[in-house]
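Reading through the structure tokens given below for one structure.
2 protein chains.
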Amino acid sequence: MRAKVILPDSEIPKMWYNIQADLTKLPDPPLDPETGELVKAEKLLAIFPPFLIEQEVSLERWIPIPEEVLKIYLSWRPTPLIRAVNFETLLNTKCRIYYKYEGLSPAGSHKPNTAIAQAYYNKKAGIKRLTTETGAGQWGSALCLGAMFFGIEATVYMVRVSYNQKPYRRFLMETWGGKVIPSPSRNTASGRAILESDPDSPGSLGIAISEAIEEAISRDDTNYCLGSVLNHVLLHQTIIGLEAKKQMEMIGEYPDIIIGCCGGGSNLAGISFPFIFDKIAGRNVRIIATEPTVCPTLTKGVYTYDFGDTSMLTPLLKMYTVGHDFIPPGIYAGGLRYHGDAPLVSLLYNEGIIEAVAYQQTEIFDASMKFIRSEGIIPAPESSHAIKAVIDECRLADEEGKEKVILFNLSGHGLFDLSAYDAYLSGTLEDFIYPEEKIKESIARLEYLNKCRQ
Amino acid sequence: MRAKVILPDSEIPKMWYNIQADLTKLPDPPLDPETGELVKAEKLLAIFPPFLIEQEVSLERWIPIPEEVLKIYLSWRPTPLIRAVNFETLLNTKCRIYYKYEGLSPAGSHKPNTAIAQAYYNKKAGIKRLTTETGAGQWGSALCLGAMFFGIEATVYMVRVSYNQKPYRRFLMETWGGKVIPSPSRNTASGRAILESDPDSPGSLGIAISEAIEEAISRDDTNYCLGSVLNHVLLHQTIIGLEAKKQMEMIGEYPDIIIGCCGGGSNLAGISFPFIFDKIAGRNVRIIATEPTVCPTLTKGVYTYDFGDTSMLTPLLKMYTVGHDFIPPGIYAGGLRYHGDAPLVSLLYNEGIIEAVAYQQTEIFDASMKFIRSEGIIPAPESSHAIKAVIDECRLADEEGKEKVILFNLSGHGLFDLSAYDAYLSGTLEDFIYPEEKIKESIARLEYLNKCRQ
Chain R
458 MRAKVILPDS EIPKMWYNIQ ADLTKLPDPP LDPETGELVK AEKLLAIFPP
508 FLIEQEVSLE RWIPIPEEVL KIYLSWRPTP LIRAVNFETL LNTKCRIYYK
558 YEGLSPAGSH KPNTAIAQAY YNKKAGIKRL TTETGAGQWG SALCLGAMFF
608 GIEATVYMVR VSYNQKPYRR FLMETWGGKV IPSPSRNTAS GRAILESDPD
658 SPGSLGIAIS EAIEEAISRD DTNYCLGSVL NHVLLHQTII GLEAKKQMEM
708 IGEYPDIIIG CCGGGSNLAG ISFPFIFDKI AGRNVRIIAT EPTVCPTLTK
758 GVYTYDFGDT SMLTPLLKMY TVGHDFIPPG IYAGGLRYHG DAPLVSLLYN
808 EGIIEAVAYQ QTEIFDASMK FIRSEGIIPA PESSHAIKAV IDECRLADEE
858 GKEKVILFNL SGHGLFDLSA YDAYLSGTLE DFIYPEEKIK ESIARLEYLN
908 KCRQ
Chain G
458 MRAKVILPDS EIPKMWYNIQ ADLTKLPDPP LDPETGELVK AEKLLAIFPP
508 FLIEQEVSLE RWIPIPEEVL KIYLSWRPTP LIRAVNFETL LNTKCRIYYK
558 YEGLSPAGSH KPNTAIAQAY YNKKAGIKRL TTETGAGQWG SALCLGAMFF
608 GIEATVYMVR VSYNQKPYRR FLMETWGGKV IPSPSRNTAS GRAILESDPD
658 SPGSLGIAIS EAIEEAISRD DTNYCLGSVL NHVLLHQTII GLEAKKQMEM
708 IGEYPDIIIG CCGGGSNLAG ISFPFIFDKI AGRNVRIIAT EPTVCPTLTK
758 GVYTYDFGDT SMLTPLLKMY TVGHDFIPPG IYAGGLRYHG DAPLVSLLYN
808 EGIIEAVAYQ QTEIFDASMK FIRSEGIIPA PESSHAIKAV IDECRLADEE
858 GKEKVILFNL SGHGLFDLSA YDAYLSGTLE DFIYPEEKIK ESIARLEYLN
908 KCRQ
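Going down the list, the protein sequences come from chains R and G. This note's numbering applies: residue 458 is where the first sequence begins, and numbers increase by one. This note's numbering applies: residue 458 is where the second sequence begins, and numbers increase by one.
See below:
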């Protein structure tokens with residue numbers, strides 16, 4: 458029989474794991490871009506509820522998951538840990554490959570793990586409306602789902618070009634009761650300013666963030682939510698790794714290598730942080746972040762303070778970045794087109810605890826197709842980056858004659874990305890040239906800015 | 458905590474339940490339309506493998522599920538039985554509502570339960586290629602998945618208008634390695650004949666069936682597969698009800714009412730037949746089939762011999778039918794637009810063991826939206842027909858002061874049907890007038906045909 462490891466509902470982790478409790482060196486704190494000083498709590502309180510700000514800076518190792526959040530988690534969690542037996546056979550490897558399948562959530566990815574929690578804490582703080590931005594719609598749909606469960610309104614600023622080209626995720630958000638606004642919009646000053654200079658602006662994630670934050674700042678009953686990068690977001694995702702750890706224990710396994718794709722870093726953090734707990738204590742386990750060649754934040758970026766958005770509205774975060782004004786080519790893995798990385802992931806990479814590797818678009822679809830044709834599940838293009846690394850690590854281990862245990866996060870399904878697979882199958886999928894010059898320029902501008910600030 | 462009942466992998470049923478073993482009256486046998494006699498085995502052997510023909514007529518109560526099929530089932534089965542706590546709260550009902558969620562299969566519906574089995578038996582019979590037809594693509598994608606697992610080619614004739622309008626399910630089939638051909642095509646004599654008289658023919662399920670069967674008959678290495686209606690298809694789906702029965706037993710529950718939508722009848726049969734086993738033995742349980750008002754096979758059809766396809770190629774089946782040449786209006790629940798019903802479901806309805814009810818399109822979307830906004834999962838429009846009946850039965854029970862246990866089959870997710878939800882939300886979803894005259898005419902033509910045959 459196939460090895461699918463099911464954790465009983467009663468065994469679902471009751472606490473999130475806060476890696477900050479175990480770091481010998483904490484990430485440098487966020488800075489206020491206007492003053493260059495630490496960001497004041499009042500500024501954050503304008504858009505986040507106190508509970509999440511507390512979690513952002515907490516040094517408690519274990520943070521209880523509220524009962525109300527657990528109840529909703531339990532409608533699809535614990536997610537299965539699956540041994541990819543057919544994939545192993547196809548690869549002809551002696552390694553044992555396991556994946557944690559997060560595509561079974563109603564939104565089809567790991568994003569609801571934090572969306573549900575954020576909606577809960579905002580509800581508890583008396584908030585009536587949430588705003589956020591979304592590109593392809595993966596995060597926006599998770600937030601609409603979370604808000605719906607707690608009876609909060611959700612307004613999602615969706616990059617206009619995606620709004621027009623990808624109606625399905627918009628329909629999904631609306632079906633869950635969300636309000637979806639193509640960005641730039643006339644709702645906000647930021648949006649109006651853009652439209653004045655460019656009435657046909659296709660929008661960008663940066664503009665959408667600006668609009669969502671502006672709306673949250675301007676209304677007392679409204680807060681803003683972010684789907685990755687921040688400490689509390691990564692915290693909520695640790696449910697993935699905590700479950701995986703219990704599941705591997707159930708079958709007497711422990712991973713030699715853990716692999717996740719890395720855009721902002723939340724799904725990689727989610728699966729790996731509970732194992733990094735062991736690694737800090739001396740256990741031998743490799744963690745690999747996979748990213749696209751065309752947005753090589755960890756592999757080619759610099760470790761410095763940068764804005765979280767392109768419009769320079771957010772606090773400055775110390776992170777690996779290719780510069781906030783770098784716009785990556787339009788690869789299908791939209792979720793990996795972020796210019797920076799979570800401060801916690803960045804710190805761990807800088808400390809050598811996490812490794813990173815970058816891949817081209819066609820090679821990740823080659824890898825994904827091998828997985829699909831053996832396992833049946835269609836991965837999101839983002840998650841396919843992890844699969845490419847799995848194949849490479851298996852080959853390496855086989856060459857060295859080692860039987861490794863590899864765990865990867867299949868962070869979401871690709872049912873809304875089938876046009877990408879169609880492009881691959883019909884031979885029209887292309888690799889983009891590594892935009893070396895543009896990244897150099899963007900980093901140079903950032904370093905100049907940072908120098909001026911000091 | 459939310460009541461989600463997980464059956465351990467080790468407890469997955471190892472045998473399908475064959476209801477034919479327990480019927481006091483068997484369904485009337487299929488007839489050869491040319492001779493009016495019983496269909497000869499040779500004719501069936503031209504398109505089906507011997508194992509499936511044996512299952513079609515078997516009187517054994519329990520039929521072992523092959524190990525190879527079980528292995529694949531186990532990659533997503535047993536599916537969860539979920540208590541719809543939030544939905545109960547929204548309905549303010551004292552009834553307990555449970556649903557079996559079949560949308561977690563890689564193809565997103567219950568269809569792979571039989572597709573995997575059919576691919577396996579065909580592989581065992583040395584078959585290299587499978588053909589089938591598909592409308593919206595739900596069944597076609599399941600068969601491509603099944604064929605892929607056993608290394609068989611799958612060719613799917615897809616109704617041309619769907620091929621053009623619904624590319625996503627086509628991409629899904631192709632991603633799993635299937636060959637998708639818009640029908641009518643130039644591949645077959647049937648297709649060419651249609652194209653000659655109407656080069657712009659949008660196609661129909663009837664034409665697609667004709668092409669798929671023609672290709673299967675004309676090639677020794679090729680067989681044909683059907684996604685519903687036949688006894689062996691319903692047999693394979695009983696895994697749903699067998700699991701549900703064990704799961705309800707685990708929590709000390711037994712359903713008073715079981716509800717499933719009914720197109721050809723396979724998902725209704727799947728969830729209900731194992732409970733009808735008890736009903737035949739005297740246990741009190743109601744089974745309700747739900748269908749669309751515009752294709753009211755059970756509620757307004759006649760119980761007589763009819764063709765399975767519109768082109769009159771298949772054997773004659775004794776079933777409830779609105780006539781093989783009736784073309785229902787284009788409701789979003791494409792899977793319920795079939796003119797007939799499985800002979801086994803028809804017999805049970807005729808004997809009063811199964812009840813039936815028909816609904817209009819807007820009321821099923823009203824019902825579905827209530828479910829979505831409380832439970833988060835987006836049901837396929839087909840499955841939403843079951844949800845409407847759940848709501849009605851709860852209201853009735855509450856009025857009578859009874860606390861009923863209701864079990865329904867959430868046969869598939871609606872992620873490929875989001876444009877239907879968009880139409881609903883934007884107020885453009887319409888009800889079609891019950892096509893009373895057309896159905897009367899179609900039935901009259903059928904009865905005339907049958908009279909001539911006698």
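Glycine is no exception: its CB is placed at the ideal position from the N, C-alpha and C atoms.
Does DSSP classify residue i as helix, strand or coil?
| i | result |
| --- | --- |
| Lys-844 of chain G | For clarity, residue 844 of chain G is Ile in the given sequence; the question names Lys instead. In the structure shown, Ile-844 of chain G sits in a helix (DSSP, three-state: H, G or I). |
| Leu-903 of chain R | helix |
| Met-458 of chain R | Because the pLDDT of Met-458 of chain R is 36, which lies under 50, any placement of that residue in the model is unreliable, and the question is left without a value. |
| Ala-503 of chain R | coil |
| Phe-865 of chain G | strand |
| Cys-682 of chain R | coil |
| Gln-477 of chain G | helix |
| Pro-569 of chain G | helix |
| Arg-540 of chain G | strand |
| Tyr-577 of chain R | helix |
| Pro-470 of chain G | coil |
| Val-496 of chain R | coil |
| Ile-463 of chain R | coil |
| Gly-717 of chain G | strand |
| Leu-488 of chain R | strand |
| Pro-535 of chain R | coil |
| Lys-557 of chain R | strand |
| Cys-909 of chain R | helix |
Taking 8 Å as the threshold (C-beta atoms), are residue j and residue i in contact?
| i | j | result |
| --- | --- | --- |
| Thr-819 of chain G | Leu-886 of chain G | yes |
| Ala-665 of chain G | Ser-640 of chain G | yes |
| Ala-604 of chain R | Ala-576 of chain R | yes |
| Val-618 of chain G | Pro-659 of chain G | yes |
| Arg-743 of chain R | Asp-766 of chain R | no |
| Tyr-555 of chain G | Ile-821 of chain G | no |
| Thr-588 of chain R | Glu-672 of chain R | yes |
| Phe-865 of chain R | Gly-833 of chain G | no |
| Phe-873 of chain R | Arg-643 of chain R | no |
| Gly-635 of chain R | Val-616 of chain R | no |
| Glu-559 of chain R | Leu-867 of chain R | yes |
| Gly-869 of chain R | Glu-839 of chain R | yes |
| Phe-889 of chain R | Pro-753 of chain R | no |
| Ile-539 of chain R | Ser-532 of chain G | yes |
Closer than 6 Å by C-beta to residue i: which residues in its own chain qualify, once you throw out the five before and the five after it? Chain order, please.
| i | result |
| --- | --- |
| Ala-574 of chain R | Val-526, His-693 |
| Gly-720 of chain R | Gly-792, Leu-793, Tyr-795 |
| Met-458 of chain G | At Met-458 of chain G, the pLDDT of 37 sits below 50, so the modelled position is not reliable and the matter cannot be decided from this model. |
| Ile-737 of chain R | Asp-479 |
| Thr-591 of chain G | Gly-597, Val-613, Met-615 |
| Gly-594 of chain G | Arg-626 |
Please return the same chain residues whose Cβ sits closer than 8 Å to the Cβ of residue i, not counting the five positions on each side in sequence.
| i | result |
| --- | --- |
| Thr-756 of chain G | Glu-748, Ala-813, Val-814, Ala-815 |
| Ser-768 of chain G | Ser-647, Gly-663, Ile-664, Ile-666, Ser-667 |
| Ala-541 of chain G | Ile-554, Tyr-555, Tyr-556, Phe-828, Ser-831, Glu-832 |
| Ile-810 of chain R | Ile-733, Lys-736, Ile-737, Ile-744 |
Quick one: residues in its chain with C-beta nearer than 7 Å to the C-beta of residue i, no 5 flanking neighbours on either side, listed in chain order?
| i | result |
| --- | --- |
| Leu-773 of chain G | Pro-487, Leu-488, Pro-490, Tyr-762, Asp-763, Phe-764 |
| Glu-513 of chain G | Leu-687, Asn-688, His-689 |
| Ala-498 of chain R | Ile-510 |
Exercise. Which runs of the alpha helix (DSSP H), 4 residues or longer, sit entirely within the segment 766 to 848 of chain R?
Worked result: 800 to 807, 818 to 832
Problem set entry | Continuous alpha helix (DSSP H) assignments of at least 4 residues falling wholly in the segment 585 to 624 of chain R | 595 to 606, 617 to 622
Exercise. Curious, which full-length alpha helix (DSSP H) runs of at least 4 residues does the segment 738 to 769 of chain G contain?
Worked result: 754 to 757
Exercise. Can you list, in chain order, the stretches of the alpha helix (DSSP H) that have 4 or more residues and sit fully within the segment 646 to 683 of chain G?
Worked result: 646 to 654, 662 to 675
For this session: Check whether the segment 503 to 512 of chain R touches the segment 673 to 693 of chain R, taking contact to mean three or more Cβ pairs, one atom from each stretch, closer than 8 Å.
Result: yes
Exercise. Does the count of Cβ pairs from the segment 844 to 853 of chain G and the segment 547 to 561 of chain G closer than 8 Å reach three?
Worked result: yes
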